[in-house]
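Everything on this sheet refers to the single structure shown next.
Residue numbers (the working numbering): 11 to 325.
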């Protein structure tokens, strides 16, 4: 990887690359060229971030981390805080996206608290406010070791989980494994967007042994679910935000990372079927294609012995 800090042409740097790399102790390690004429290094600090080419990760720089924690500590311990300082803190948190995993999720409580202020365009107000306990609790994460973790700047291989929800229940599949469930009366009263988001969380929990420690890609045909997973919440619906928060906190504890992508309803037939039909594990039958192969070879049987209405292969 070539990192160019000045406006020399890239070809000018590439010309000196063989000489520089011949001086590296381990040629298998990707090195960053800080500047023409300097020795290559495996990590470099740039715009408040430390870019480590060895681990393919980016971290907060020590100065930026120290500034963030100092502001968080001040706002957490003060009896009241000027709105402008809270707005500045939120801005610093948002600037950590792409550098600190789950940063957006843990900035949501403060963001929701400041929403009325932002909508009234009073973000620069000097008026002092007291932070609710739930906001103060959310700030504690920003002083934990979790903020030191870096984000990958190289897309990892992902384990795919596909989900769907209907008004009856939810369904999901992952690497040939199936899962499904039915909504309670209380759950069924929610919107379809909420049900789709809940389906994603229930599916991941059901497949916990498969997805633990993995980079997961969740496929859904619901746009709101995709958005709330990728944005780690939202600011339009409190119900969706709470469900996304529960999903995000579970994923943070059990997964390496979680992202979502859209799948068309036509391509999501298996999960859709699982969300609408119930698998009876006491009912078994041959796959219809295999049954037809047997019929073509040996002829059509006259009796489907012990078959029920749901698993019979004969008319």
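Using N, Cα and C, we set each Cβ at its ideal position, and we do this for glycine too.
Item, Value
"DSSP beta-bridge partners of residue 175", "180"
"Minimum Cβ-Cβ distance from residue 103 to chain B less than 8 angstroms", "Any reference to chain B falls outside this structure, which holds one protein chain only."
"beta-carbon residue 261 near the ligand NAD non-hydrogen atom, thresh 7 angstroms", "Absence of the ligand NAD from the depicted structure is noted, as is the absence of any ligand whatsoever, leaving it without description."
"Whole-number beta carbon distance between residue 68 and residue 161, since they are thought to touch under 8 angstroms", "6 angstroms"
"Alpha-carbon spacing of residue 197 relative to residue 205, whole angstroms", "7 angstroms"
"Nearest to residue 257 (by Cα), restricted to the options 273, 284, 226, 275", "226"
"Residue 84 (DSSP reduced to helix, strand or coil)", "helix"
"Limits of the unbroken alpha helix (DSSP H) element including residue 326", "Past the boundaries of the shown model lies residue 326; the chain is included only from 11 to 325, so the question cannot be answered."
"C-alpha gap between residue 104 and residue 112, whole angstroms", "11 angstroms"
"Endpoints, the beta strand (DSSP E) within which residue 264 is located", "Per DSSP, residue 264 belongs to no beta strand (DSSP E); it is in the alpha helix (DSSP H), 248–264."
"Beta-carbon gap between residue 120 and residue 136 smaller than 8 angstroms", "no"
"Assigned exposure category for residue 311 - 16 Cβ within 10 Å defines buried", "exposed"
"Under the three-state DSSP convention, the category residue 109 falls into", "coil"
"N-terminal and C-terminal residue of the beta strand (DSSP E) that residue 192 is part of", "187–192"
"Distance between residue 114 and residue 107 (C-alpha atoms, nearest Å)", "6 angstroms"
"DSSP-derived helix/strand/coil call for residue 284", "helix"
"Residue 70, buried or exposed, once every other Cβ within 10 Å from all chains shown has been counted against 16", "buried"
"Burial state of residue 271 (16 or more Cβ within 10 Å)", "exposed"
"Supposed contact pair residue 116 and residue 76 - C-beta distance, whole angstroms, cut 8 angstroms", "Contact flag wrong, Cβ pair sits at about 18 angstroms."
"Closest residue to residue 281 among 129, 178, 61 (Cα-Cα distance)", "178"
"Beta-carbon proximity list for residue 79, same chain, < 6 angstroms, skipping 5 on both sides", "153"
"Integer Cβ distance of residue 245 from residue 122, believed to fall under 8 angstroms", "7 angstroms"
"The region 180–199 in contact with the region 237–254 per 3-pair CB rule at 8 angstroms", "no"
"Rounded straight-line distance, which links the Cα of residue 286 to that of residue 353", "The structure shown does not extend to residue 353, since the chain is modelled only from 11 to 325, so the question has no answer here."
"Range of the contiguous alpha helix (DSSP H) that encloses residue 98", "93–104"
"When 74, 173, 63 are compared against residue 51, the one with the closest alpha-carbon", "63"
"Check whether residue 222 and residue 260 have beta carbons under 8 angstroms apart", "no"
"Cβ neighbour criterion (16 or more within 10 Å) applied to residue 328", "No statement about residue 328 is possible, as the shown extent of the chain runs from 11 to 325 and does not include it."
"Nearest to residue 163 (by Cα), restricted to the options 317, 59, 133", "59"
"Reference residue 297, options 172, 239, 321, closest by Cα", "321"
"Nearest residue (CA-CA) to residue 231, options 288, 93, 172", "172"
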